[in-house]
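Read through the structure below, which is laid out as structure tokens, and then see the notes.
Number of protein chains: 2
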Amino acid sequence: MKKHIPEKTVARLLLYYRYLYFLLQQGTKNISSKSLADMVEIKDSQVRKDLSYFGKLGGQGAGYDVLALRDMIAKVLDIGQITNVCIIGMGGLGSALASYKGFEALGFKVAAVFDNAANKVGHRLRGHTCLDSKELSKVVAEKDLKVAILTVPGEAAQKTSIALEQARVKAILNFTPVKLSLSKNIKIRNIDLAMELKTLSFFVK
Amino acid sequence: MKKHIPEKTVARLLLYYRYLYFLLQQGTKNISSKSLADMVEIKDSQVRKDLSYFGKLGGQGAGYDVLALRDMIAKVLDIGQITNVCIIGMGGLGSALASYKGFEALGFKVAAVFDNAANKVGHRLRGHTCLDSKELSKVVAEKDLKVAILTVPGEAAQKTSIALEQARVKAILNFTPVKLSLSKNIKIRNIDLAMELKTLSFFVK
DNA sequence: CATAGATTGTGAATTATTTCACAATCTTAT
DNA sequence: ATAAGATTGTGAAATAATTCACAATCTATG
Numbered sequence: 001m002k003k004h005i006p007e008k009t010v011a012r013l014l015l016y017y018r019y020l021y022f023l024l025q026q027g028t029k030n031i032s033s034k035s036l037a038d039m040v041e042i043k044d045s046q047v048r049k050d051l052s053y054f055g056k057l058g059g060q061g062a063g064y065d066v067l068a069l070r071d072m073i074a075k076v077l078d079i080g081q082i083t084n085v086c087i088i089g090m091g092g093l094g095s096a097l098a099s100y101k102g103f104e105a106l107g108f109k110v111a112a113v114f115d116n117a118a119n120k121v122g123h124r125l126r127g128h129t130c131l132d133s134k135e136l137s138k139v140v141a142e143k144d145l146k147v148a149i150l151t152v153p154g155e156a157a158q159k160t161s162i163a164l165e166q167a168r169v170k171a172i173l174n175f176t177p178v179k180l181s182l183s184k185n186i187k188i189r190n191i192d193l194a195m196e197l198k199t200l201s202f203f204v205k
Numbered sequence: 001m002k003k004h005i006p007e008k009t010v011a012r013l014l015l016y017y018r019y020l021y022f023l024l025q026q027g028t029k030n031i032s033s034k035s036l037a038d039m040v041e042i043k044d045s046q047v048r049k050d051l052s053y054f055g056k057l058g059g060q061g062a063g064y065d066v067l068a069l070r071d072m073i074a075k076v077l078d079i080g081q082i083t084n085v086c087i088i089g090m091g092g093l094g095s096a097l098a099s100y101k102g103f104e105a106l107g108f109k110v111a112a113v114f115d116n117a118a119n120k121v122g123h124r125l126r127g128h129t130c131l132d133s134k135e136l137s138k139v140v141a142e143k144d145l146k147v148a149i150l151t152v153p154g155e156a157a158q159k160t161s162i163a164l165e166q167a168r169v170k171a172i173l174n175f176t177p178v179k180l181s182l183s184k185n186i187k188i189r190n191i192d193l194a195m196e197l198k199t200l201s202f203f204v205k
């Protein structure tokens, strides 16, 4: 039952979670895989396959209990637990993410923000006091940070990522368009905004 | 030869492009699929398969001509052409994207930014004068905008996306965590930042 | 100009993901 | 209590994406 779970399944769990949350507020107690699938615009069998990774949850013939399902997903995804993250690079994007409400809603807390520019370090930015990147190791250890959001300029990306690895960060959400070369121990997820925009516009001709 | 091109291939083309650009600056004239693949950390066969969608480009036995390959990709992806886009929702994220350098580098130009808040409309934000969302249709027509970046709050997302469709926008890069329900004529690409962060941290335990 | 070594382009094989289809079993109605 | 209808969980089938493997053919060298 607990074999390898595809990333796509994890991503969809979160979509389900949001709809279940909404359904609960509406007072809906029960839902079928078909209804949930329709909301997300996927096939019902996909919903059932995704959920099947986590054991028997619905009754055959009956649907799923909305509350139980939401709680299961919350547990699997650690929603409700506060997860501290840090942001490195307080440019436009980093600053925006430092106060991004969508992170809070899922239990992420920006616990530290870093930059190396003299005009930023020590100053208040979006509710956070910007720390010097030199303090990375110290702060990561102190606050037991496992996940970092990398929003430095591309030129500084590889160098900064090495500092993050040395600071014992376990995962990096990389917003730079640079392929980071690090050991296998550190998990990287790339978000390349320009690439997304290009890929979108490619199919619009 | 010109059959359906997977989105993943398009995304990788851009990665290749960036490395080719770099190689050209270095003065490298020729490259093999293996070397290019190593830079991107994928298999060489993947590179060749991706490129094969666009005809014969390399010589068997020889590698690829860096300049020719870069130009081919630039042409396929319309890099060099200016593509005007607009941003709807001048919150933190929208403002950051309005001055995001990564877009410029690929020929995207933010030609208009919109919001509906009185304290923003008419004001200068990141080098753009914020327009009233009511003017969407007019401005989209005037500037022939085909692609919009949606960064409004989730609550306003569906409503705003309908306005975008009515304004005859062809594609939306959707940063809200809301599933937009529009006709098939409009292409949507979703970037769910919180989901990305959650998916990343799921695999870090 | 012939041979050795390198590297492409592409069908075939493999792997991953999605969808189908149906037995199992729950709910509801009579 | 039983039958009719709904809906799950899951192997099997289908589809999509990646990787293999090799004939074709280029370059370089003697």
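Line order of the protein sequences matches chains A and B. If you use our numbering, the first sequence corresponds to residues 1 to 205, in order. If you use our numbering, the second sequence corresponds to residues 1 to 205, in order. Quick reminder that beta carbons are idealized off the backbone N, C-alpha and C, glycines included. On a predicted model such as this, the values are computed, not experimentally measured, just so you know.
Confirm, please, whether the CB-CB distance from residue j to residue i is below 8 Å.
{"i": "Y17 (chain B)", "j": "A74 (chain B)", "result": "yes"}
{"i": "E165 (chain B)", "j": "I191 (chain B)", "result": "no"}
{"i": "A98 (chain B)", "j": "R126 (chain B)", "result": "yes"}
{"i": "V152 (chain A)", "j": "I88 (chain A)", "result": "yes"}
{"i": "T95 (chain B)", "j": "A62 (chain A)", "result": "Per the sequence presented here, residue 95 (chain B) reads as Ser, with Thr not at that position. No, the Cβ-Cβ distance between S95 (chain B) and A62 (chain A) is not below 8 Å."}
{"i": "Y252 (chain A)", "j": "G154 (chain B)", "result": "One cannot answer for residue 252 (chain A) here, as it falls past the ends of chain A, which runs 1 to 205."}
{"i": "V147 (chain A)", "j": "H128 (chain A)", "result": "no"}
{"i": "L15 (chain A)", "j": "G102 (chain B)", "result": "no"}
Could you name the residues of the same chain whose beta carbon sits closer than 8 Å to that of residue i, not counting the 5 residues immediately before and after it, in chain order?
{"i": "K120 (chain B)", "result": "M90 and C130"}
{"i": "F202 (chain B)", "result": "none"}
{"i": "Q158 (chain A)", "result": "V178, L180 and S181"}
{"i": "K43 (chain A)", "result": "A37"}
Straight-line CA distance for residue i to residue j?
{"i": "K10 (chain A)", "j": "L150 (chain A)", "result": "Sequence inspection shows Val at residue 10 (chain A); the Lys mentioned does not correspond to that position. Looking at the two C-alpha atoms, the distance is approximately 22 Å."}
{"i": "G80 (chain B)", "j": "H4 (chain A)", "result": "43 Å"}
{"i": "M39 (chain A)", "j": "K170 (chain B)", "result": "23 Å"}
{"i": "K29 (chain B)", "j": "L57 (chain B)", "result": "14 Å"}
{"i": "G107 (chain B)", "j": "K179 (chain A)", "result": "21 Å"}
{"i": "Q26 (chain A)", "j": "L67 (chain A)", "result": "12 Å"}
{"i": "M195 (chain B)", "j": "C86 (chain A)", "result": "17 Å"}
{"i": "V204 (chain B)", "j": "A167 (chain B)", "result": "43 Å"}
{"i": "D50 (chain A)", "j": "L69 (chain A)", "result": "12 Å"}
{"i": "L182 (chain B)", "j": "D65 (chain B)", "result": "43 Å"}
{"i": "A111 (chain A)", "j": "T160 (chain A)", "result": "18 Å"}
{"i": "G59 (chain A)", "j": "K109 (chain B)", "result": "53 Å"}
{"i": "E135 (chain A)", "j": "F175 (chain A)", "result": "21 Å"}
{"i": "D132 (chain B)", "j": "N84 (chain B)", "result": "18 Å"}
{"i": "D78 (chain A)", "j": "D78 (chain B)", "result": "42 Å"}
{"i": "V140 (chain A)", "j": "A163 (chain A)", "result": "11 Å"}
{"i": "S45 (chain A)", "j": "E142 (chain B)", "result": "45 Å"}
{"i": "M72 (chain B)", "j": "E41 (chain A)", "result": "36 Å"}
{"i": "R48 (chain B)", "j": "G122 (chain A)", "result": "49 Å"}
{"i": "I31 (chain A)", "j": "E7 (chain B)", "result": "33 Å"}
{"i": "A156 (chain B)", "j": "K184 (chain A)", "result": "41 Å"}
Give me whichever residues DSSP pairs with residue i in a beta bridge.
{"i": "C130 (chain A)", "result": "A:V113"}
{"i": "V85 (chain B)", "result": "B:V110 and B:V147"}
{"i": "Y64 (chain A)", "result": "A:I31"}
{"i": "L125 (chain B)", "result": "B:H128"}
{"i": "L173 (chain A)", "result": "A:I149 and A:R189"}
{"i": "I79 (chain B)", "result": "B:Q81"}
Going along the chain, which residues of its own chain have a beta-carbon closer than 6 Å to the beta-carbon of residue i, five neighbours each way excluded?
{"i": "L173 (chain B)", "result": "I149 and R189"}
{"i": "L145 (chain B)", "result": "N84 and C86"}
{"i": "S52 (chain A)", "result": "none"}
Apart from the five residues on each side of it in sequence, which residues of its chain come closer than 7 Å, Cβ to Cβ, to residue i?
{"i": "E76 (chain A)", "result": "Here the sequence assigns Val to residue 76 (chain A), which means Glu is not the residue at that position. Counting only Cβ-Cβ distances below 7 Å, and skipping sequence neighbours, we find L13 and F54."}
{"i": "S137 (chain B)", "result": "Q166 and A167"}
{"i": "K2 (chain A)", "result": "Low confidence applies to K2 (chain A): its pLDDT is 49, below 50, so where it sits in the model is not reliable, and the reading given next is rough at best. Around K2 (chain A): no qualifying Cβ."}
Legend entry - the segment 111-125 of chain B contacting the segment 24-35 of chain B, beta-carbon criterion three pairs below 8 Å: no
Inset, instruction - Report yes or no: do the segment 17-28 of chain B and the segment 190-204 of chain B share at least 3 C-beta pairs separated by less than 8 Å? - result: no
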